[in-house]
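Residue numbers (our numbering): 3 to 414.
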């Protein structure tokens, strides 16, 4: 048992299976309980929850720990090659098959075969996979002699396999055979303080990789930001966010969300949780407005609210609904920087009135709207730029870029 524990600890995969929350510990306990039972296990869970780490733990805690652990990403299999990859092929079985080649099952003989994203296995191969899992017998592509293998199958998926069975996309009897035990990996949002524990672990690992003299600390605001995030990408997304922040500090990026105080370790003040939130990110296409069929309203009509400033819910006197505001230029709803202070970037309320005055070019209207939003947000935030960025629904870096663009008009 001592050798087995040492082998498991030496596995780079298991080195990051860390946590202390109740959900995490319950999952690890279930893995330990199931590991010694020589039956298939199906691991389910969202992307990035560590299903491959769980499969490695199952292997190293099982009686097969000295055997091979073979991993196959079924999502990366070309349908035409899936059968040969799983079961191997004989020489001359198809064009390019110059010699006999063992498949993943033969290579995992005496150990564990981990089938990641098992729902992607082609329907035509599922019949043969069922036979191997059920009887331990396979035939290579192009072969006629059965080959016996002794393999424990661990499969994983983030798909709804019972729903795929109902749709005829996955064999019901194969699912029955693979699901002797079904274990669900908990998402990161259910693991509480494990977020902070993992963040510090990833920060230390990245600091060591970059040969930094100190591990960056997490400012209270940055830690609160991590704890409030829903983490749709789970542990993988968290790792990217933390390692990205450490790398920016190491690359002279103290101005990009980090600080260094005299006599203290560098500190991460803010995390860039959405690397795609850049200021010039393209928005949805804006449809061209239909040509006007009526003459423009008079000044008096504009004064009583029936002119171009009408909102999306207004109904004209004739009862016909107006076209959506997205079809009425100028449209600034796709620009996050154009959101008025106090609104989120997805707000679709009325823009600044000056941007709709006749004869104002669209670039000038956008400039005026951005200036108005910046001034209002800064005034409301008492000139705290980080708070103003949050009011506008922007990251701090986005806000700084927007402020630099209008600095000449913002500063006296």
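Backbone N, C-alpha and C fix where the C-beta goes; we use that ideal spot for every residue, glycine too.
Predicted model, so just to flag it, every value in this text is computed and none were measured.
- In this structure, the alpha-carbon of residue 128 lies about 38 Å from that of residue 197.
- Bounds of the beta strand (DSSP E) holding residue 183 are 183 to 186.
- Counting other Cβ atoms within 10 Å of its Cβ, residue 175 stays below 16 and is therefore classed as exposed.
- Judged by DSSP secondary structure, residue 24 falls within the alpha helix (DSSP H) whose first and last residues are 24 to 37.
- In the structure shown, residue 239 adopts helical secondary structure according to DSSP, grouped into three states.
- Residue environment for residue 116: buried (at least 16 other C-beta atoms within 10 angstroms of its C-beta).
- Taking every protein chain shown into account, the CB of residue 400 has 16 or more other CB atoms within 10 angstroms, so this residue is buried.
- Distance from the CA atom of residue 33 to the CA atom of residue 178, rounded to whole angstroms, is 19 Å.
- The closest CA to that of residue 143, considering only 181, 99 and 370, is found on 99.
- Contact between residue 205 and residue 244 is confirmed by a C-beta separation of about 5 Å, below the 8 Å threshold.
- Approximately 6 Å separates the beta-carbon atoms of residue 218 and residue 267; this is inside 8 Å, confirming the contact.
- Distances from the alpha-carbon of residue 253 to those of 397, 213 and 47 put 213 closest.
- With contacts defined as CB atoms closer than 8 Å, residue 120 and residue 157 qualify as a contacting pair.
- As the crow flies, the alpha-carbon of residue 279 is around 20 Å from that of residue 373.
- Just measuring C-alpha positions, the residue of 201, 125 and 238 sitting nearest residue 220 is 201.
- The beta carbon of residue 187 lies closer than 8 Å to those of 29, 45, 46, 47, 48, 51, 52, 53 and 56 in the same chain, with the five residues before and after it left out.
- One thing to note: residue 132 has its Cβ no nearer than 8 Å to the Cβ of residue 105.
- Counted as a single uninterrupted DSSP element, the stretch harbouring residue 396 is not any alpha helix (DSSP H), since DSSP gives it neither H nor E.
- Sorting 63, 164, 276 and 384 by C-alpha distance to the C-alpha of residue 232 places 276 at the top.
- No Cβ-Cβ contact shorter than 8 Å links residue 151 with residue 180.
- Sequence-distant Cβ neighbours of residue 238 in its own chain, meaning closer than 8 Å and more than five residues away, are 49 and 50.
- Going by DSSP, residue 178 is part of the alpha helix (DSSP H) stretching over 174 to 180.
- Here DSSP, grouped into helix, strand and coil, assigns residue 84 to helix.
- DSSP lists no beta-bridge partner residue for residue 369.
- Going by DSSP, residue 71 is part of the beta strand (DSSP E) stretching over 71 to 75.
- Annotation: the continuous beta strand (DSSP E) that includes residue 45 extends over 43 to 46.
- When DSSP states are grouped into helix, strand and coil, residue 220 belongs to the strand group.
- In terms of Cα proximity to residue 207, the closest of 184, 193, 224 and 247 is 247.
- Taking a C-beta distance under 8 Å as the contact criterion, residue 107 and residue 153 qualify as a contact pair.
- Per DSSP, the beta-bridge partners of residue 156 are 43 and 116.
- The Cβ-Cβ distance between residue 272 and residue 398 falls below 8 Å.
- Among the bridge pairs identified by DSSP, residue 191 is matched with none.
- For residue 107, the enclosing alpha helix (DSSP H) covers residues 106 to 109.
- Burial check for residue 140: the Cβ neighbour count within 10 Å reaches 16 or more, so the residue is buried.
- With a threshold of 16 other beta carbon atoms within 10 Å, residue 82 falls short and is exposed.
- For the options 367, 27, 396 and 172, the alpha carbon positioned closest to that of residue 274 is the one of 396.
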